[in-house]
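Some notes on the structure that comes next.
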Amino acid sequence: MSDFMQQPIREAPELAPAWLRPLQQRGREAWQQTPFPTRKTEAWKYTSLQALQQRFVAADRDSASTDVSDIEFPQLGGPTLVFTDGHYSPALSSRELPDGLSVVRFAEADDAQAARIRELLGSAVAGSRHVFVPLNEATLADGVFLDIQPDARLEAPIQIVWLTSGADAALALSQRLLVNCGAHSEATLVETFASSDTGATAFTNGVSELLLGEGARLQHCRLHLEQDNAVHIGGVHIRQSANSQLYGFHLALGSDLKRIDLVVDHQGAGAHCELDGIYLPRGSETVDYHTCIEHSVPHCTSRERFRGIVGDEASAIFNGRIHIHPQAQKTRAELSNKNLLTSHKAEVNTKPELEIYADDVQCAHGATVAQLDPMTRHYLRTRGVPREEAEVMLSYGFINELVEDLPCAAVRDFVKPLLASRFARNPRLTRHLL
Amino acid sequence: MLKIDNLHARVENEDILKGLNLTVNPGEVHAIMGPNGSGKSTLGHVLAGRPGYSVSAGSVQFLGEDLLAMDTEERAQLGLFLAFQYPVEIPGVSNMEFLKAAVDAVRERRGEEAIGSVDFLKLAREACKSVDLDQSFLKRGVNEGFSGGEKKRNELLQMMLLQPKLCIMDETDSGLDIDALQVVSRGINEMRDAGRAFILVTHYQRLLNFVEPDHVHVLAGGRIVRSGDKSLALELEERGYAWLEDAA
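In order, the protein sequences belong to chains A and B.
Counting in our numbering, the first sequence runs from 164 upward without gaps.
Counting in our numbering, the second sequence runs from 7 upward without gaps.
Rendered as structure tokens:
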């Protein structure tokens, strides 16, 4: 692995604005001091990084002309920033901004904006155990900063799209998003990652930081639609101030490897977060979600529901950590992870990881791994529904409960047919789902 | 319509049905009564093709075809319907999509086209009214969180939409309060016609006060030990099953 440790840094793009250089330097130093995770590292016990054993190179040409028209992503009508192979694509983007929102690319930030970004960047990942954050910083050339003014109520969803065209083999991307939700603001944010199905390998190292001010409400959807040989190692790091509310919806279609760390730090009393997630690896794909809720202060609540359907020889890993600090009395935390295995060779490793140091708390967790219930399938068949269609309906139903709870209708409408098509290519089998 | 000849069936290596004979003609209502464990529910499950229920001997003709050679869904598409004693809850699959999938499967088997969504919604709403189930139940997960009575009404709703030829009601009356029992009975009576037959599996005479059977059979020890008209049900209510079990 030593090659992998050195190589991306040597080939990091030189395009970064000057003010990012110190961050890059810090990242480089930290990365070089980080022991590379192996299967003996607890947080990577079930996840092989073998897919990284090749030479990845950042795209240095202008990608504005790269054809990405075959890649689907939600059309949500709000402000949209699209990046292709790591480069901003103005033609695909829409920068009409509502009052109360400013959107700045790191690469175009003026001095004042750069100072603001420097002040906030890294504040949610500080202290994170995520070993790939330093690599993200060492190789960072651009990023997006969303600044939502206090009390702003943003109706239309804001979407950031990262496309991988497949035009370059073994592409390396460092993606960074920084969101500051001012006090009592309300917004919907959708992060979408998608690739073409050319089969070209790509390694995305994405880090998003979401800072929720006091009483802020954020709906956050993160859709991982990259296919085939895509490798995504990334994380979302969220800091919640008092009485803020976060709803998160996470979706990962399978690919060679997806490892997503979600870390929510409740730093102010009365904060509440809900995280829903769906993962659907098949073939020989791997999806790994590591979630961590830090209950650092009293009177906070969290609720997590992750569901996965694992087919063929695919594997899924779910690790749900809930850390209730000694002073975090009156915490209420719920965690549920359910898995459906549709093949005898499919594998899931699920682990709740509860560390509770306060005594007046409620904490519930549950994990299940099961196959389709034969009695349920029989019931559908006794009504004439053919076996194959019954199985598609039941698989879809398993995750549909979470999809139905997605508050953003535009995302829901995009996600439903996409999910249905995952279970059967024959439209006859999915025609009753929508 | 249905001809069961010397049917032997086992569940988990235990013989349950031991030579059952029964003929049901179009338009008839048959009640099957009998003590616990006599095989009443097993009969319904075997006819519907439940996994784990194996037939070791005998034959079943349904509308002139070999029922036992058919998959579960084929039996349903041909017109066999089993109302479950314990309907299954399916969270995440809405009642509406489930019902439409079922109706389309049955229609297509008959060579008809899938029903349009608008027409179907209209039909489903009417059926809801008939079984006294609020329309909001169409949007909920199949049987999810339904009370016992609501589940039974939902079975009846499915039966009305599918318009089967043979309806097997497995203890549909158990656990129903008197109002729900009347709703269910009314639904059955509305569906009675010259081309359709019913097998009512029941413990009690109560249902038969509302749905008058043409034939009453007593199932004991895996066989039909006595058949008669509706007066047999009254006699059973009075005397219990012991005298017949002794005879068997």
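All residues carry an ideal CB built from backbone N, CA and C; glycine is no exception.
Beta bridge counterpart(s) of residue i as assigned by DSSP
i: A/Trp325; result: A/Phe246, A/Phe356
i: A/Gly398; result: A/Val370, A/Asp424
i: B/Gly147; result: B/Ser100
i: B/Arg229; result: B/Ala226
i: B/Gly246; result: B/Gly246 pairs with nothing; no bridge assigned.
i: B/Lys9; result: B/Thr29, B/Gln67
i: A/Val266; result: A/Leu309
i: A/Gly483; result: A/Thr454, A/Pro515
i: A/Glu437; result: A/Tyr410, A/Arg466
i: A/Arg380; result: A/Glu349, A/Gln408
i: A/Cys344; result: A/Ile311, A/Leu375
i: A/Thr531; result: A/Lys501
Burial state of residue i, where buried means 16 or more other Cβ atoms lie within 10 Å
i: A/Met538; result: exposed
i: A/Arg385; result: buried
i: A/Glu389; result: buried
i: A/Trp194; result: buried
i: B/Asn42; result: exposed
i: B/Trp249; result: exposed
i: A/Thr449; result: buried
i: A/Tyr520; result: exposed
i: A/Ser465; result: buried
i: A/Met164; result: Residue placement at A/Met164 is flagged as unreliable, the pLDDT there being 47, under the threshold of 50; the coordinate-derived value follows with that caveat. Exposed: under 16 other Cβ atoms inside 10 Å.
i: A/His458; result: buried
Contact with chain B by residue i, beta-carbon distance below 8 Å
i: A/His595; result: yes
i: A/Gly474; result: no
i: A/Glu552; result: yes
i: A/Tyr542; result: yes
i: A/Thr545; result: yes
i: A/Leu503; result: no
i: A/Leu557; result: yes
i: A/Asn563; result: yes
i: A/Val427; result: no
i: A/Gly433; result: no
i: A/Val548; result: yes
i: A/Gly560; result: yes
Contact belief for residue i with residue j at Cβ below 8 Å, rounded distance in angstroms
i: A/Leu326; j: A/Ile396; result: Between A/Ile396 and A/Leu326 the Cβ distance is about 18 Å, and since that is not below 8 Å, they are no contact.
i: A/Ser286; j: A/Arg402; result: 7 Å
i: B/Gly155; j: B/Asp183; result: 6 Å
i: A/Val324; j: A/Thr229; result: With a Cβ gap of about 14 Å, A/Val324 and A/Thr229 do not count as contacting.
i: B/Glu95; j: B/Val148; result: 7 Å
i: A/Gly417; j: A/Val460; result: Wrong, their Cβ atoms sit about 37 Å apart, outside the cutoff.
Interface flag, residue i vs chain E, CB-CB below 8 Å
i: A/Pro537; result: Annotation note: the requested chain E is absent from the structure, which comprises protein chains A and B.
Residue i Cβ short of 7 Å to the ligand ADP heavy atom set
i: A/Gln492; result: Absent from the structure shown: the ligand ADP. Ligands present: none.
Reduced DSSP category for residue i - H, G, I as helix; E, B as strand; rest coil
i: A/Thr513; result: strand
i: A/Gln492; result: coil
i: A/Asp273; result: coil
i: A/Phe469; result: strand
i: B/Gln141; result: helix
i: A/Asp576; result: helix
i: B/Cys173; result: strand
i: B/Leu49; result: helix
i: B/Phe204; result: strand
i: B/Cys134; result: helix
i: A/Tyr209; result: coil
i: B/Glu80; result: helix
i: B/Ile38; result: strand
i: A/Ser232; result: coil
i: A/His429; result: strand
i: A/Val548; result: coil
8 Å Cβ cutoff, residue i in contact with chain A
i: B/Gln91; result: no
i: B/Leu162; result: no
i: B/Gly193; result: no
i: B/Gln141; result: no
i: B/Gln83; result: yes
i: B/Gly255; result: Since the displayed chain B opens at 7 and closes at 254, residue 255 of chain B lies outside it and no answer follows.
i: B/Gly45; result: no
i: B/Thr48; result: no
i: B/Gly154; result: no
i: B/Thr78; result: yes
i: B/Leu53; result: no
i: B/Gly117; result: no
i: B/Pro57; result: yes
i: B/Pro219; result: no
i: B/Lys106; result: yes
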